[in-house]
Amino acid sequence: MDGFGYKCAKCPQILFAYPIHHLCLPMFQAMKVTVLENQYCSIYIDMELNLYEQYWHSASSDMEEEDYKEIHLKVRDHLVSHAYPLRGFFLDNRLNFFVISPELQAWHAENVSAKLEAALLNARELKVAIVVSEDFISQLSIEQTMEENATSGEVSRYFQDEYEAKEWLLS
2 MDGFGYKCAK CPQILFAYPI HHLCLPMFQA MKVTVLENQY CSIYIDMELN
52 LYEQYWHSAS SDMEEEDYKE IHLKVRDHLV SHAYPLRGFF LDNRLNFFVI
102 SPELQAWHAE NVSAKLEAAL LNARELKVAI VVSEDFISQL SIEQTMEENA
152 TSGEVSRYFQ DEYEAKEWLL S
């Protein structure tokens with residue numbers, strides 16, 4: 002870390018907040034713990050930045066409600082059992098094409114969000130940066146889910162750009 006960002010040991014550029022030069026990516030990926038990887042999404046904990054990172058894949062358009070539940074239960078159990086000192090959540094929904102039904106939103110609030118809020122020491126202080134979905138209906142259901150799951154102190158913001166989202170999380 003160098004005042005304004007991260008310096009790569011392999012190239013002279015200053016990397017502000019999180020953007021990583023493509024040649025340096027393997028070095029930085031070593032600092033990530035894989036929580037879950039499947040055809041629908043990839044989820045990591047960035048140990049250097051203390052961020053939860055979730056990246057949806059276009060195959061999410063084929064996802065069923067049971068797949069959604071399985072993903073979120075695995076993530077919940079992992080986060081509860083490892084008690085990472087997270088500073089925020091980065092949710093990249095650009096390729097999330099799954100529409101979350103009102104019933105599934107309520108399920109998520111009860112079975113995932115409520116359990117995480119109870120288990121994470123700083124749950125009310127966490128920032129959540131959401132990069133918006135390219136699909137309007139999916140994005141609307143994501144926003145409704147976030148409203149359903151919001152904790153009293155949580156701060157959430159929506160972004161078009163992943164770098165702006167991460168910069169905000171780290172500020």
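Counting from 2, one number per residue, gives the positions in the sequence shown under the working numbering.
The beta-carbon is built from N, C-alpha and C at its ideal position, and this holds for glycine as well.
Treat the numbers as computed from the prediction; the structure is a model and nothing was measured.
Looking only at its chain, what residues have a beta carbon closer than 7 Å to the beta carbon of residue i, apart from the 5 residues adjacent to it on each side?
{"i": "S59", "result": "L96, F98"}
{"i": "D68", "result": "Y41"}
{"i": "Y159", "result": "I131, V133"}
{"i": "V36", "result": "I44, Y45, I46, V76, H79"}
Taking the alpha helix (DSSP H) that residue i falls in, what are its first and last residues?
{"i": "A119", "result": "115–120"}
{"i": "I72", "result": "66–83"}
{"i": "A166", "result": "163–171"}
If the criterion is Cβ atoms closer than 7 Å, does the pair residue i and residue j meet it?
{"i": "W169", "j": "A110", "result": "no"}
{"i": "Q55", "j": "I46", "result": "no"}
{"i": "E49", "j": "L105", "result": "no"}
Give the C-beta separation of residue i and residue j to the nearest angstrom, bearing in mind that I take them to be a contact with Cβ-Cβ under 8 Å.
{"i": "H73", "j": "V113", "result": "5 Å"}
{"i": "K116", "j": "V81", "result": "7 Å"}
{"i": "L87", "j": "L52", "result": "7 Å"}
{"i": "W108", "j": "K75", "result": "That pair is no contact at about 15 Å."}
{"i": "K128", "j": "V100", "result": "About 26 Å separates the two Cβ atoms, so there is no contact after all."}
Say whether chain D places a C-beta atom closer than 7 Å to the C-beta of residue i.
{"i": "A115", "result": "Chain labels in this structure do not include chain D; a single protein chain is all it has."}
If you follow the beta strand (DSSP E) that residue i is part of, which residue opens it and which one closes it?
{"i": "L105", "result": "Not the beta strand (DSSP E): L105 falls in the alpha helix (DSSP H), residues 103–109."}
{"i": "F90", "result": "89–93"}
{"i": "R173", "result": "Nothing can be reported for residue 173: it is not among the residues displayed for the chain, which extend from 2 to 172."}
{"i": "L52", "result": "52–57"}
{"i": "E38", "result": "33–38"}
{"i": "H124", "result": "Per the sequence shown, residue 124 should be read as Ala rather than His. From DSSP, A124 is part of no beta strand (DSSP E); its letter is neither H nor E."}
{"i": "S43", "result": "42–47"}
Excluding sequence positions up to five away, which residues of its chain have a Cβ less than 6 Å from the Cβ of residue i?
{"i": "L121", "result": "none"}
{"i": "Y85", "result": "I46"}
{"i": "S62", "result": "F98"}
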